[in-house]
Amino acid sequence: MFLSLYAMPSDSAPSRSLFLVVAIAVLLASPGASGQGLVDLLDRARTGEPAFLSAGADVDIARARKDLAHAALLPQVSVSAAASKYDRNYHTRLPGFPDADDRYRSASQQLNVTQALIRVPELMAVRQSDHVLAQARHQHDGAEQALKLRLLTVWFDLLAARDNETFTTRQLLTLERQWDIVLRGNALGLYSGVQLQDARARLEQGRADAATARAELAVQRSQLELLTGPLTLERLPVLVEDAELDGLLTDNLDHWLELSAGGNPALQAALSAFEAATAEVAKQRAGHLPTLELVASYSNNGQGAGGFPGQAGYDIRQGSVGLQLSMPLYTGGGQSARVHEAVAQRERARHDIELSRRQAVAEVSQAWLGWESARARVAAGRQTFDAARAALLQAQRGLARGVASDFEVLQAEQQVLAAQRDYHKGRYDQVVATMRMRASAGLLRDVDFAALDALLAEQSAPTAVAVRATAMETVR
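Mapping of the sequence shown onto the numbering used here: residues 6 to 481, in sequence order.
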């Protein structure tokens with residue numbers, strides 16, 4: 006890719022600095038040995054990112070609570086058993102009756118069954134658990150969308166940091182050559198002391214910029230590793246030149262606002278939370294209503310002796326079936342207070358819906374404006390790059406004809422490198438803004454990562470020696 010950007014036409018003049026720039030660009034664009042693309046990074050992030058895993062655990066919790074709510078409406082069956090050994094001494098308080106001793110055992114078993122017939126609070130709890138589970142699932146979807154968007158943002162920030170580090174490194178090489186030219190020219194009286202100081206200042210600034218860019222690259226790499234764990238990325242891929250973002254571009258803002266209104270995970274979670282709060286109000290109001298249960302029991306009791314010494318033992322089997330009605334009359338105002346609390350929570354949930362809706366609109370609108378801005382910067386950056394490249398070719402021809410200096414050629418090369426960096430940054434921002442709109446509508450899918458991997462496919466590139474030889478052959 007970089008080779009096509011810097012390829013020289015047949016009538017261009019040789020430039021050693023251009024050969025160096027081409028060589029460095031090709032080496033930096035070589036494919037990485039790690040082969041880790043966005044799909045692989047997403048798989049790693051899913052298995053280790055705490056916020057996403059926590060949201061998954063919340064779904065499991067909500068599912069368990071739903072089962073718990075259903076359990077309150079199902080038959081409640083319990084069994085109990087007991088066995089005892091007795092050593093009894095019987096003393097009569099009337100004179101003439103001797104004491105008596107006996108030893109015996111007793112055993113009992115009992116089966117109890119309770120079935121709710123009318124329990125309105127439990128019915129409302131089941132309905133509420135469905136909405137709570139839906140809310141947890143929407144929140145999990147939102148966490149997944151946030152994870153994907155964060156991964157994409159960090160990834161393209163890393164690529165931009167790599168491009169800036171590459172630019173500052175090449176710029177430093179150019180500034181060092183300019184410093185050498187001015188230093189020699191100053192010794193020959195061609196450049197003044199002021200020009201010498203200016204060249205030295207720009208060289209020191211270039212060194213500072215290169216150090217800052219290296220630090221920023223390390224920071225962005227650490228941000229990526231926060232999501233995926235330790236990585237062994239030897240080289241980062243490059244965005245394919247003039248890649249068409251088929252299936253990724255937008256139609257219009259209103260279209261995305263409609264998609265967000267129907268699919269934004271945070272908004273959907275807020276709607277489910279409101280339904281759950283409404284069910285909570287109904288459940289607490291049902292606390293004033295009576296409950297009716299079917300109660301049945303069966304017991305078997307056996308004892309080896311009677312109530313008095315000498316009496317025979319006995320076995321008793323007993324069964325019962327009945328209805329149990331419970332009616333709350335007065336709870337000290339506690340149930341009414343719980344109703345008022347539930348109503349207030351429902352109102353809060355209603356306001357949260359509007360807040361989530363406004364946030365969704367703001368997210369889509371900001372992403373749309375960012376996408377339009379990036380698209381304009383891409384178009385302008387392309388024109389700037391073409392103009393800078395044309396100026397570089399003109400400076401090289403002037404150098405070959407003796408009407409331009411090496412210094413002017415180096416300055417033109419700096420303009421080309423800066424334009425290329427800014428052009429790439431605009432393309433990165435355009436992709437991220439598009440993905441941000443998709444995430445706001447809950448539409449950021451795994452297939453989008455596969456599509457971006459295709460746009461970031463690592464390309465084979467010739468070696469620096471081969472590029473230099475090809476360029477020199479073109480000059481000849």
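Beta carbons are placed, not taken as given, at the ideal position from N, Cα and C, and that holds for glycine. Since this is a predicted model, take the numbers as computed values, not measurements.
Subject >> Within 8 Å, strictly: CB atoms of residue 109 and residue 95 >> reply: For the purposes of this step, residue 109 is taken as residue 104 along the sequence shown, with counting starting at 1. For the purposes of this step, residue 95 is taken as residue 90 along the sequence shown, with counting starting at 1. Not in contact: residue 109 and residue 95 (Cβ atoms no closer than 8 Å).
**OP:** Please look up how many angstroms separate the CB atoms of residue 121 and residue 78, rounded, as I've assumed it's under 8 Å.
**Re:** Position 116 of the sequence shown, counting from 1, holds the residue named residue 121. Position 73 of the sequence shown, counting from 1, holds the residue named residue 78. Beta-carbon to beta-carbon, residue 121 and residue 78 are separated by about 6 Å, close enough to satisfy the 8 Å threshold.
**OP:** Take residue 226 and list the residues in its own chain whose beta-carbon comes closer than 7 Å to its own, dropping the five residues that flank it on each side.
**Re:** Here residue 226 refers to the residue found at position 221 when the sequence shown is read from its first residue. Only 163 meet the Cβ criterion.
**OP:** Leaving aside the five residues before and after residue 159 along the sequence, list all residues of the same chain whose C-beta is less than 6 Å from its C-beta, in chain order.
**Re:** Taking the sequence shown and counting its residues from 1, one reaches residue 159 at position 154. Around residue 159: 228 and 229.
**OP:** My understanding is that residue 516 touches residue 180, with C-beta atoms under 8 Å, so please give their C-beta distance in whole angstroms.
**Re:** In the structure as shown, the chain starts at 6 and stops at 481, and residue 516 therefore has no counterpart that could be examined.
Original post:
Under the rule that 16 or more other beta-carbon atoms within 10 Å means buried, what is residue 440, buried or exposed?
Top reply: Translated into the one-based positions of the sequence shown, residue 440 becomes position 435. That one is buried.
Subject >> residue 427, buried or exposed, once every other Cβ within 10 Å from all chains shown has been counted against 16 >> reply: Your numbering for residue 427 matches position 422 in the sequence shown. With 16 or more Cβ atoms within 10 Å of its Cβ, residue 427 is classed as buried.
Original post:
Could you give the uninterrupted runs of the alpha helix (DSSP H) lying entirely in the segment 263-293, keeping only those of 4 residues or more?
Top reply: Listed in chain order, they are 270-290.
**OP:** Please say whether residue 212 and residue 177 have beta carbons closer to each other than 8 Å?
**Re:** What you label residue 177 is simply residue 172 of the sequence shown in a count that begins at 1. What you label residue 212 is simply residue 207 of the sequence shown in a count that begins at 1. A distance below 8 Å separates the beta carbons of residue 177 and residue 212.
Subject >> Nearest neighbour of residue 457, chosen from 245, 302 and 368 [CA to CA] >> reply: The count along the sequence shown starts at 1 and reaches residue 457 at position 452. Out of 245, 302 and 368, 245 has the C-alpha closest to the C-alpha of residue 457.
Subject >> Coarse secondary structure for residue 243, derived from DSSP in three states >> reply: Counting from one through the sequence shown, the residue named residue 243 turns up at place 238. Residue state, collapsed to three classes: coil.
**OP:** Starting from the Cα of residue 374, find the closest Cα among 51, 261 and 83 and give me that residue.
**Re:** The residue given as residue 374 occupies position 369 in the sequence shown. Comparing alpha-carbon positions, the option among 51, 261 and 83 lying closest to residue 374 turns out to be 261.
Original post:
Applying the criterion that 16 or more other CB atoms from any shown protein chain within 10 Å of the CB defines a buried residue, is residue 391 buried or exposed?
Top reply: In the sequence shown, counting from the first residue as 1, residue 391 sits at position 386. It is exposed - the Cβ of residue 391 has fewer than 16 other Cβ atoms within 10 Å.
Original post:
Apart from the five residues just before and just after residue 430, which ones in its own chain have a Cβ nearer than 6 Å to its Cβ?
Top reply: For the purposes of this step, residue 430 is taken as residue 425 along the sequence shown, with counting starting at 1. Correct list, in chain order: 165.
Original post:
Which full runs of the beta strand (DSSP E) of 3+ residues lie inside the segment 338-372, going along the chain?
Top reply: none
Subject >> Close beta carbons around residue 294, own chain, < 7 Å, minus the five adjacent residues each side >> reply: Here residue 294 refers to the residue found at position 289 of the sequence shown. Only 125 meet the Cβ criterion.
Subject >> Top-ranked residue by Cα proximity to residue 303, from 51, 113, 132 and 70 >> reply: The residue you call residue 303 lines up with position 298 of the sequence shown. Checking every option, the nearest Cα to that of residue 303 belongs to 113.
**OP:** Could you tell me which of 145, 58, 154 and 172 sits nearest to residue 488, measuring between CA atoms?
**Re:** Absent from the model: residue 488. The displayed extent of the chain is 6 to 481, so no value can be given.
Original post:
Does the segment 270-287 come close enough to the segment 202-210 that 3 or more CB-CB pairs lie under 8 Å?
Top reply: no
Subject >> residue 196 (DSSP reduced to helix, strand or coil) >> reply: Here residue 196 refers to the residue found at position 191 when the sequence shown is read from its first residue. Residue 196 falls in the coil class under three-state DSSP.
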